[in-house]
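Working notes, beginning with the structure itself.
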Amino acid sequence: MGTVGKIPENISLLHALDSIGETIIIADRDYNVQWMNSSAANLLSDVVPLFGISDVNELIGMNMGRFHQRPEHQKIIMDQLEGSHRARITIKDRFVADIVITSIKDNEDKIQGYVVMLMDVTTKAEEDNEKEKLLNALSVPIIKIWEKTIALTLIGIFNKDRADRVIASVLEECVKNKIQYVLVDLSGLYEFEYETKHELQKLNDSLNLIGSKCILVGITPELAMAAGDMSRNILTFKNAYSGLKHIIHLSNIK
């Protein structure tokens, strides 16, 4: 669908863009910066010195590839751009932002330029602090459910950052309280990618080294398919009941 309505004659398009409040940059089809609104000028005044540029006005006419670690990769993305491209970027390890690039097309659907928006700009330190808060919020409670047996439920994602915290906490608990079995419930995971498999394998191997046993439960058919070639030495069960029943059986044998 095209535009609807008509802009009043007494309203300038440039003034409208400037009043939006977001960081807006307009580049030509060769990716050269042609215009930016006041929000962009104010923000980039703090950013351009990181690139050896003293004045934000020097950006006008400058190619955007100047600020990309891999200009050739940027060109491929821009040349193939159909609608919008969005990515999370880090600027010189000092700022973090969402960049949204949208092509400007003429009546013949040919690209004539680009609108670049920098959104949710924050400092790297603030971003890292928010990640730290999130990881702490996602920390996994460890519950003792049977003699020398603990359980934990993984919810959301299980990536390296989170896995490192979980593994450290679980190993400490196992050594401190002579835990033999660790029951890990996977039913709350949103996704099960290669990284998840790798981190679960690392958890299992770490527990084996200290003489504890890792038991995975909450294995749905979807998770089973995604897990695929996970090591056969990891015990898996459909639900926590079955896993605990197996642990009790092993305890009685001993």
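Start counting the sequence shown at 713; every next residue gets the next number (my numbering). Note that beta-carbon positions come from the ideal geometry of N, C-alpha and C, so glycine has one too. Source: prediction; values computed, not measured.
Asked	Found
Might you give, ordered along the chain, the residues of its own chain that have their beta carbon closer than 6 Å to the beta carbon of residue 771, omitting 5 neighbours on each side?	745
For residue 743, which of 750, 815, 716 has the nearest alpha-carbon?	815
Report the option in 724, 889, 861, 801 whose CA atom is closest to the CA atom of residue 961.	861
Which ranges does the beta strand (DSSP E) cover as unbroken runs of at least 3 residues, wholly within the stretch 756–809, from first to last along the chain?	796–803
Measure the C-alpha to C-alpha separation of residue 959 and residue 923 and round it to an integer number of angstroms.	15 Å
Counting pairs of Cβ atoms below 8 Å between the stretch 855–870 and the stretch 826–833, do you hit three or more?	no
When you compare only the Cα positions, how much space is there between residue 798 and residue 965?	57 Å
Is residue 754 helix, strand or coil when you go by DSSP?	helix
Go ahead and label residue 751 buried or exposed: buried means 16 or more other beta carbons lie within 10 angstroms of its beta carbon, across all protein chains shown.	buried
Sorted by chain position, which residues of the same chain lie with C-beta nearer than 8 Å to residue 890's C-beta, five sequence neighbours on each side aside?	860
Within 8 Å of any Cβ in chain C, is that where the Cβ of residue 893 sits?	This model lacks chain C altogether, as it is built from one protein chain only.
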